[in-house]
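Novice:
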Amino acid sequence: MIEQFRLKNGIRVMAEHMDSVRSVALGVWVNAGSVFETGKSEGISHFIEHMVFKGTERRSASDIAAEMDAIGANLNAFTAKECTCFHVKALDEDLPKAVDMLADIVLHSTLDPEQMEREKGVVIEEIAMTEDSPEDIVFDRASEQLFDGTPLASEILGAEENVRAFTQADLRAYMDRHYTAENTVIAVAGSFEKETLLKLLESSFGAAKRGERRGAPDASIRNGFRTALVEKDVEQINLCLALPGEALGTDAYYAQAVLSNALGGSMSSRLFQRIREERGLAYSVYTYPMAYRGTGSLCFYAGCTEGQAKQVLDLILSEIANVRKNGISEGEFVRARQQLKGSYLLGMESTMAHMSAIGKTALLLEKDYDLEATLNRIECVTMEDVRTAAERLFTPNAAAFCAVGRLGRVGEALKRAAEEWWKEYGRQA
6 MIEQFRLKNG IRVMAEHMDS VRSVALGVWV NAGSVFETGK SEGISHFIEH
56 MVFKGTERRS ASDIAAEMDA IGANLNAFTA KECTCFHVKA LDEDLPKAVD
106 MLADIVLHST LDPEQMEREK GVVIEEIAMT EDSPEDIVFD RASEQLFDGT
156 PLASEILGAE ENVRAFTQAD LRAYMDRHYT AENTVIAVAG SFEKETLLKL
206 LESSFGAAKR GERRGAPDAS IRNGFRTALV EKDVEQINLC LALPGEALGT
256 DAYYAQAVLS NALGGSMSSR LFQRIREERG LAYSVYTYPM AYRGTGSLCF
306 YAGCTEGQAK QVLDLILSEI ANVRKNGISE GEFVRARQQL KGSYLLGMES
356 TMAHMSAIGK TALLLEKDYD LEATLNRIEC VTMEDVRTAA ERLFTPNAAA
406 FCAVGRLGRV GEALKRAAEE WWKEYGRQA
């Protein structure tokens, strides 16, 4: 059972005691991500995530690493479009150290200017690393095109020129706006004693300032079809078609997840079988749903050689049209729904997974997470739900197509094929 508490300053605490484990996972979830950034501030949430590990008023960067290594704990963080999470997993006996460390880096980082200059180089290298991954590029560009004109189009890492220009004052001002008690959820899952946990959290996080709750900015997708062709000297052509999808936490999201699994979520899926197994045209082909507050996306990806690219795209588009018209078979439906349930349960077999589900649900949806309710929502998806989802999703009001690679003449042919699909199946504004 998940229990909810509030610290005196207003921070919400979501805690789930798990029997038969010796670990405890804690996460500090902050309502700060790339959707809250514009222009020259793009990338600041991610840069702050890096900087909090570079020293606090009590610990140097090497102290932070050494103290966590000394107890075998795993301390890390990530930045997403809609949130930033700082998390630690440790033995239950080391709970005091884990809580103290998280509070120290989140609330008391010095953001030292000297360390900032060094870390700018690290983040710029991270940006460069993504440019070496055509799969990352094609997803990023397709997402930018689909969400063009909305906060979801912002890149999490930001641009190199932004990173170089960040100052200590910029970081402090951003943290003052977003790193507040009302904007924070602490999620805990694993082995702990409740009263001890609450005392530790109150004493360690009591210094968090109150502030205004930051609502999610509007991310309504603009109608129309947009394309991006990116020349890159790589061996394969990377293709991505991005369509508007269902929002986080909605019943429709689960019908979309079953549909996505049937089309490209497993080795038995249509696209994997038609494109890889039956024709040998690609090694990697799959679908990828993403859900946010109020909106989402459903992406189709394939990587293949130049000579196969047009045929692969035609097969993807024809399967989308086929499922839109005829739906999926009962066998496909049963397999896809069971695979979704099985993979979800397998993914939840850790304290970190429970902590993540609890924290994300509380922060983004302002709801209590319920594993049994989630499984029930999967099991309640029907064939009719999936058919309805296919008709809605595959008659989109917006879409984006991106290709990355040595495109040459094939680039325009790919673009034309995607545009023709849009003319036939897209809802024209």
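Just so you know, we're using the numbering used here here: the sequence shown kicks off at 6 and counts up by one.
Ideal Cβ positions, reconstructed from N, Cα and C, are used throughout, including at glycine.
Which first and last residues belong to the beta strand (DSSP E) in which valine 328 is found?
Specialist: Against the sequence shown, residue 328 aligns to sequence position 323. Element bounds for valine 328: not the beta strand (DSSP E) but the alpha helix (DSSP H), 311-331.
Novice: If you measure between the beta carbons of serine 114 and threonine 61, is that distance less than 7 Å?
Specialist: Numbered from its first residue, the sequence shown carries residue 114 at position 109. Numbered from its first residue, the sequence shown carries residue 61 at position 56. Going by C-beta atoms, serine 114 is nearer than 7 Å to threonine 61.
Novice: Tell me whether valine 386 sits in a helix, a strand or coil according to DSSP, three-state version.
Specialist: As a working mapping, residue 386 is identified with position 381 in the sequence shown. Coil at valine 386, not helix or strand.
Novice: Determine which residues share a DSSP beta bridge with valine 415 and list them.
Specialist: On the sequence shown, position 410 is the one that residue 415 refers to. In DSSP, valine 415 forms no bridge with anything.
Novice: Where valine 339 and asparagine 331 are concerned, what is the direct C-alpha to C-alpha distance, given to the nearest angstrom?
Specialist: Translated into positions along the sequence shown, residue 339 becomes position 334. Translated into positions along the sequence shown, residue 331 becomes position 326. Their backbone Cα atoms lie some 16 Å apart in a straight line.
Novice: Determine the direct distance from the alpha carbon of alanine 186 to that of lysine 204, and round the result to whole angstroms.
Specialist: In the sequence shown, counting from the first residue as 1, residue 204 sits at position 199. In the sequence shown, counting from the first residue as 1, residue 186 sits at position 181. Going from the Cα of lysine 204 to the Cα of alanine 186 covers about 17 Å.
Novice: Secondary structure at threonine 185, three-state DSSP: helix, strand or coil?
Specialist: Counting from one through the sequence shown, the residue named residue 185 turns up at place 180. Here threonine 185 sits in coil by DSSP.
Novice: Quick one: give me the first and last residue of the beta strand (DSSP E) that arginine 231 is part of.
Specialist: Stepping through the sequence shown from its first residue, residue 231 is reached at position 226. 229-236 is the span of the beta strand (DSSP E), which, as asked, contains arginine 231.
Novice: Would you list the one or two residues that DSSP bridges to tryptophan 34?
Specialist: Residue mapping note: residue 34 aligns to position 29 of the sequence shown, counting from 1. Answer is Cys90 and Val190, bridged to tryptophan 34.
Novice: For methionine 23, which of Met6, Ala403, Asn228 and Val386 has the nearest alpha-carbon?
Specialist: Within the sequence shown, numbered from 1, the residue matching residue 23 stands at position 18. Cα-wise, what sits closest to methionine 23 is Met6.
Novice: Measuring straight from C-alpha to C-alpha, what distance separates alanine 78 and arginine 27?
Specialist: Against the sequence shown, residue 78 aligns to sequence position 73. Against the sequence shown, residue 27 aligns to sequence position 22. Approximately 12 Å, taken between the alpha carbons.
Novice: Thinking just about the alpha-carbon of each residue, which of Phe83, Arg414, Ala95 and Ala82 is nearest to the one in methionine 73?
Specialist: Taking the sequence shown and counting its residues from 1, the one referred to as residue 73 is at position 68. Checked all of Phe83, Arg414, Ala95 and Ala82; the closest Cα to methionine 73 is Ala95.
Novice: Note down the Cα distance separating arginine 436 from alanine 103, rounded to an integer number of angstroms.
Specialist: Examination of residue 436 is not possible in this model, given that the chain is present from 6 through 434 alone.
Novice: Would you say the stretch 46-53 touches the stretch 163-180, given that touching needs at least three Cβ pairs under 8 Å?
Specialist: Yes, since at least three Cβ pairs between the stretch 46-53 and the stretch 163-180 fall closer than 8 Å, the two stretches touch.
Novice: Following the continuous beta strand (DSSP E) through proline 222, name the residue where it begins and the one where it ends.
Specialist: If you number the sequence shown from 1, residue 222 lands on position 217. Run containing proline 222: none; DSSP gives neither H nor E here.
Novice: Alpha carbon to alpha carbon, what distance is there between leucine 368 and threonine 189?
Specialist: Here the question's residue 189 lines up with position 184 in the sequence shown. Here the question's residue 368 lines up with position 363 in the sequence shown. Distance between the alpha carbons of threonine 189 and leucine 368 is about 7 Å.
Novice: Quick check on the DSSP output: the alpha helix (DSSP H) that includes isoleucine 49 runs from which residue to which?
Specialist: Residue numbering aside, residue 49 sits at position 44 when the sequence shown is read from its first letter. Taken as a continuous stretch (DSSP letters only), the alpha helix (DSSP H) holding isoleucine 49 covers 49-56.
Novice: So, under 8 Å CB-CB, glutamate 236 and serine 159 are touching, yes? Tell me the CB distance rounded to an integer number of Å.
Specialist: Taking the first residue of the sequence shown as position 1, residue 236 is located at position 231. Taking the first residue of the sequence shown as position 1, residue 159 is located at position 154. With 8 Å as the limit, glutamate 236 and serine 159 do not qualify as a contact, their Cβ atoms being about 24 Å apart.
Novice: Under 8 Å by Cβ, that's how I've got glycine 299 and alanine 395 pegged, so tell me the actual separation to the nearest angstrom.
Specialist: Counting from 1 along the sequence shown, the entry for residue 299 is found at position 294. Counting from 1 along the sequence shown, the entry for residue 395 is found at position 390. Not a contact, Cβ separation roughly 22 Å.
Novice: Spatial neighbours of methionine 360 within its chain, please: C-beta separation below 6 Å, excluding the five flanking residues on both sides.
Specialist: Indexing the sequence shown from 1 puts residue 360 at position 355. Result list for methionine 360: Ala30, Gly32, Ala192 and Ala194, in chain order.
Novice: Would you identify the three-state DSSP class for serine 39, choosing helix, strand or coil?
Specialist: What you label residue 39 is simply residue 34 of the sequence shown in a count that begins at 1. It is helical.
Novice: Please classify serine 323 as buried or exposed, where buried requires at least 16 neighbouring CB atoms within 10 angstroms.
Specialist: Walking along the sequence shown from the start, residue 323 turns up at place 318. Looking at its Cβ environment, which holds fewer than 16 other Cβ atoms inside 10 Å, serine 323 is exposed.
Novice: Roughly how many angstroms lie between the CA atoms of lysine 125 and proline 118, to the nearest whole one?
Specialist: Along the sequence shown, one-based indexing puts residue 125 at 120. Along the sequence shown, one-based indexing puts residue 118 at 113. Approximately 10 Å, taken between the alpha carbons.
Novice: Please name the residue in Met272, Ser348, Leu268 and Gln344 whose C-alpha comes closest to that of leucine 320.
Specialist: For the purposes of this step, residue 320 is identified with residue 315 of the sequence shown, where counting begins at 1. Checked all of Met272, Ser348, Leu268 and Gln344; the closest Cα to leucine 320 is Leu268.
Novice: Do the stretch 172-186 and the stretch 64-71 touch if we need at least three Cβ pairs shorter than 8 Å?
Specialist: Output reads no: the stretch 64-71 does not touch the stretch 172-186.
Novice: Please list the segments of the beta strand (DSSP E) lying wholly inside the stretch 54-134, counting only runs of 3 or more residues, in order along the chain.
Specialist: Here the runs fully enclosed are 79-84 and 89-96.
Novice: From this set, Leu318, Ser209, Leu116 and Asp105, which residue's C-alpha is nearest threonine 13's C-alpha?
Specialist: The residue you call residue 13 lines up with position 8 of the sequence shown. According to the sequence as given, residue 13 is lysine; it is not threonine. It is Ser209.
Novice: Strictly by DSSP, which residues pair up with alanine 405?
Specialist: Position 400 of the sequence shown, counted from the first residue, corresponds to residue 405. Looking at the DSSP assignment, alanine 405 forms a beta bridge with Arg231 and Ala247.
Novice: Taking 7 Å as the cut-off, decide whether the C-beta atoms of arginine 342 and valine 386 are in contact.
Specialist: To locate residue 342, count along the sequence shown from 1; it is residue 337. To locate residue 386, count along the sequence shown from 1; it is residue 381. Yes, these two residues count as a Cβ contact at 7 Å.
Novice: How many Å lie between alanine 403 and glycine 270 at the Cα?
Specialist: Counting from 1 along the sequence shown, the entry for residue 403 is found at position 398. Counting from 1 along the sequence shown, the entry for residue 270 is found at position 265. Approximately 23 Å between the Cα atoms of the pair.
Novice: To which residues of the same chain is glutamate 337 closer than 7 Å at the C-beta, ignoring the five residues directly before and after it?
Specialist: Counting from one through the sequence shown, the residue named residue 337 turns up at place 332. Result list for glutamate 337: Ala267, in chain order.
Novice: Rounded to the nearest angstrom, how far is the Cβ of valine 391 from that of isoleucine 325, given a contact under 8 Å?
Specialist: The sequence position of residue 391 within the sequence shown is 386, counting from 1. The sequence position of residue 325 within the sequence shown is 320, counting from 1. At roughly 14 Å, the Cβ-Cβ gap does not stay under 8 Å, so valine 391 and isoleucine 325 are not in contact.
Novice: On a CA-only basis, which of Tyr258, Thr393, Val263 and Tyr291 is nearest methionine 272? Give me that one, please.
Specialist: To locate residue 272, count along the sequence shown from 1; it is residue 267. Of Tyr258, Thr393, Val263 and Tyr291, the residue nearest in Cα terms is Tyr291.
Novice: So, at 7 Å on beta carbons, what are the nonlocal neighbours of serine 265 in its own chain, with the 5 sequence-adjacent residues on each side left out?
Specialist: Residue numbering aside, residue 265 sits at position 260 when the sequence shown is read from its first letter. Around serine 265: Thr292, Pro294 and Leu303.
Novice: What does DSSP give as the partner residue(s) for leucine 303 in the beta ladder?
Specialist: Your numbering for residue 303 matches position 298 in the sequence shown. Answer is Leu248 and Pro294, bridged to leucine 303.
Novice: Starting from arginine 11 and walking both ways along the beta strand (DSSP E), at which residues does that stretch end?
Specialist: If you number the sequence shown from 1, residue 11 lands on position 6. 7-11 is the span of the beta strand (DSSP E), which, as asked, contains arginine 11.
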